[in-house]
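Colleague: Here it is, the structure in full.
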Amino acid sequence: MIVVSSGESEPLAKSIAKQLKITYSALNLTAFPDGELYLKFNVPVKGKKVIIVKSFQPHPDMSLFDIVFIAETARQLGAKKVILVAPYLGYMRQDKQFHPGECVSSRVMAKLLNNSVDKLITIDPHLHRYRSLKEIFTIPAIKLTANSVFADYIKKNFSNELIIGPDWESYQWAREIAKTLHVEATVLKKERFSSRQVKVRMVQPVIVRGKNVIIVDDIVSTGHTAIEAMKQARKLGAKSVSVLAVHGLFVEKALEKMKQAGIATVLSTNCIPGKTAKIDVSALLVGELRKEK
Ligand code: R5P
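Structure follows, in structure tokens:
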């Protein structure tokens, strides 16, 4: 097996290769003067299982395009199997046609990957209207979860906590983490009016007063969901409010806005690198990849 990557996912790729005691090789992935992609592998991959480590960030469209080129090239170079480790799998939120004429992007993304890679491994993909990755992937698609690493982190760093999922989808994570920690969890009801406008409200009465509230979500993008959830928790008397996100996208100065709004701590996993990415998911990925050895 050999691990390849480029750009922002390189530190995670290197760590995975080190733990698996296999070669890591950086790809030359640049652009020609006219903007077309230039790609070169720097080690032979003939007969090897090639593990591409690449999250769909910071540019989801370019990342997808890069992955397709890397995978197709690995095949052309004689790779035995191409495995994509995309800790953050983008395009999953566009999972239905909300308005006539819209692209259901998740299906297009999945079709491209189905054609180019032999297996996908990802962490907490945004499964909302799809119940399973099988609904869009024909290749083996493994879904891992950061629940255990979140629970460990909370156990070591918080006390008297209440876990809140800011919308129905996030309850799957909030509930599991709370169960491991033997604490309470609740879910808010979210209404989304646009990409930047949401409203949340408490629907299951729980004791919030005096609690260290931890909002758990798969994705923090603009931060509006987290900020609205924080306001609810504050109104109900929370002692502190923190946010733990699996995938910290933090677009449009989300981090600054969240801090200004009064969120005490914002943390995320290294599925996407960044200054909040303090929670390491490499062991989860390594555990899964060992099955390929
Ligand atoms: C959506 O359903 C996700 O689980 C997140 O709640 C959402 O992506 C957060 O987006 P934003 O940070 O822009 O509110």
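Heads up: the sequence shown at position 207 corresponds to 206 in numbering that gives the first Met the number 0, and the numbers run straight through without jumps.
We put the CB at the ideal spot given by N, CA and C, even for glycine.
Within the region 224 to 276, note down every full beta strand (DSSP E) run reaching 3 residues or more, in order along the chain.
Modeller: The region 224 to 276 contains these whole beta strand (DSSP E) runs: 239 to 247, 264 to 268.
Colleague: Mind checking His223: buried by the 16 CB within 10 Å criterion, or exposed?
Modeller: Taking the first residue of the sequence shown as position 1, residue 223 is located at position 224. Result: buried.
Colleague: Can you give the Cα-Cα distance for Leu132 and Asp117, rounded to whole angstroms?
Modeller: Indexing the sequence shown from 1 puts residue 132 at position 133. Indexing the sequence shown from 1 puts residue 117 at position 118. Leu132 and Asp117: Cα-Cα distance of roughly 14 Å.
Colleague: Identify, in the order they occur along the chain, each residue of the same chain with its Cβ nearer than 6 Å to the Cβ of Ile69, setting aside the five sequence neighbours on each side.
Modeller: Against the sequence shown, residue 69 aligns to sequence position 70. Result list for Ile69: Ile51, in chain order.
Colleague: By the three-class DSSP mapping on this structure, what secondary structure does Met108 have?
Modeller: Within the sequence shown, numbered from 1, the residue matching residue 108 stands at position 109. Note: Met108 maps to helix in three-state DSSP.
Colleague: May I ask you to verify whether the region 84 to 97 touches the region 56 to 65, counting CB pairs closer than 8 Å and requiring at least 3?
Modeller: These segments touch.
Colleague: For Arg74, write down the residues that DSSP places opposite it in a beta bridge.
Modeller: Counting from one through the sequence shown, the residue named residue 74 turns up at place 75. Note: Arg74 sits in no beta bridge, so no partner.
Colleague: Pick helix, strand or coil for Asn27, following the three-state DSSP scheme.
Modeller: To locate residue 27, count along the sequence shown from 1; it is residue 28. Looking at Asn27 - three-state DSSP - the assignment turns out to be strand.
Colleague: Please give me, in chain order, every unbroken run of the beta strand (DSSP E) with length at least 3 that falls completely inside the region 114 to 146.
Modeller: Entirely contained in the region 114 to 146, the beta strand (DSSP E) runs reaching 3 residues are, in chain order, 118 to 122, 140 to 143.
Colleague: Are the CB atoms of Asn159 and Asn113 nearer to each other than 8 Å?
Modeller: For the purposes of this step, residue 159 is taken as the residue at position 160 of the sequence shown. For the purposes of this step, residue 113 is taken as the residue at position 114 of the sequence shown. Result no, Cβ atoms of Asn159 and Asn113 do not sit closer than 8 Å.
Colleague: How big is the Cα-Cα spacing for Ile66 and Arg289?
Modeller: Reading the sequence shown from its first residue, position 67 is the one you call residue 66. Reading the sequence shown from its first residue, position 290 is the one you call residue 289. Straight-line Cα distance between these residues: approximately 22 Å.
Colleague: Are Thr275 and Leu254 closer than 8 Å when you measure CB to CB?
Modeller: Numbered from its first residue, the sequence shown carries residue 275 at position 276. Numbered from its first residue, the sequence shown carries residue 254 at position 255. Yes, they are a contact pair.
Colleague: Which one or two residues does DSSP pair with Asn41 in a beta bridge?
Modeller: Mapped onto the sequence shown, residue 41 falls at position 42. According to DSSP, which records beta bridges pairwise, Asn41 is partnered with nothing at all.
Colleague: Relative to the alpha-carbon of Asp216, which residue among Gly209, Ala184, Val202 has its alpha-carbon at the smallest distance?
Modeller: Locating residue 216 in the sequence shown gives position 217, where the first residue counts as 1. Minimum Cα distance to Asp216 is reached at Ala184.
Colleague: By alpha-carbon positions, which one of Ala177, Thr221, Pro272 ends up nearest to Arg195?
Modeller: The residue you call residue 195 lines up with position 196 of the sequence shown. It is Thr221.
Colleague: Less than 7 Å separating the Cβ of Asp124 from some heavy atom of the ligand R5P?
Modeller: Here residue 124 corresponds to residue number 125 of the sequence shown, with the count starting at 1. According to the sequence as given, residue 124 is Pro; it is not Asp. Every heavy atom of the ligand R5P is 7 Å or more from the Cβ of Pro124, so no.
Colleague: Say yes only if the C-beta of Gly222 is nearer than 7 Å to one or more non-hydrogen atoms of the ligand R5P, and no if none qualify.
Modeller: Looking up residue 222 in the sequence shown gives position 223. Indeed, a heavy atom of the ligand R5P lies less than 7 Å from the Cβ.
Colleague: Based on DSSP bridge pairs, tell me the residues matched to Ala177.
Modeller: Here residue 177 is taken as the residue at index 178 of the sequence shown, counted from 1. Looking at the DSSP assignment, Ala177 forms no beta bridge with any residue, so it has no partner.
Colleague: Distance cutoff 8 Å, beta carbons only. Does Glu291 sit that close to anything in chain B?
Modeller: Here there is only one protein chain, and chain B is not present.
Colleague: When the distance is taken between beta carbons, is Ile163 closer than 8 Å to Ala145?
Modeller: Within the sequence shown, the letter at position 146 stands for residue 145. Within the sequence shown, the letter at position 164 stands for residue 163. No, Cβ-Cβ distance for Ala145 and Ile163 is not below 8 Å.
Colleague: Short of 8 Å in beta carbon distance, which residues of its chain neighbour Ile138, apart from the five on each side in sequence? Order them along the chain.
Modeller: Against the sequence shown, residue 138 aligns to sequence position 139. Here the set comprises Leu112, Asn113, Val116, Asp117, Lys118, Leu119.
Colleague: Is any non-hydrogen atom of the ligand R5P found closer than 7 Å to the C-beta of Ile218, if you look at the structure I gave you?
Modeller: What you label residue 218 is simply residue 219 of the sequence shown in a count that begins at 1. Yes - the ligand R5P has a heavy atom lying nearer than 7 Å to the Cβ of Ile218.
Colleague: For the candidate residues Val49, Ile206, Ala244, whose alpha-carbon lies nearest to that of Lys277?
Modeller: On the sequence shown, position 278 is the one that residue 277 refers to. Among Val49, Ile206, Ala244, the Cα nearest to that of Lys277 is on Ala244.
Colleague: Residues in its own chain within less than 7 Å of Ser14 by CB, not counting five upstream and five downstream?
Modeller: The count along the sequence shown starts at 1 and reaches residue 14 at position 15. Result list for Ser14: Ser281, in chain order.
Colleague: Should the region 186 to 204 be regarded as contacting the region 163 to 176, the criterion being three or more beta carbon pairs within less than 8 Å?
Modeller: Taking 8 Å as the limit for Cβ pairs, the verdict is that the region 163 to 176 does touch the region 186 to 204.
Colleague: Alpha carbon to alpha carbon, what distance is there between Ala30 and Ile176?
Modeller: The residue you call residue 176 lines up with position 177 of the sequence shown. The residue you call residue 30 lines up with position 31 of the sequence shown. In a straight line, the C-alpha of Ile176 is about 43 Å away from that of Ala30.
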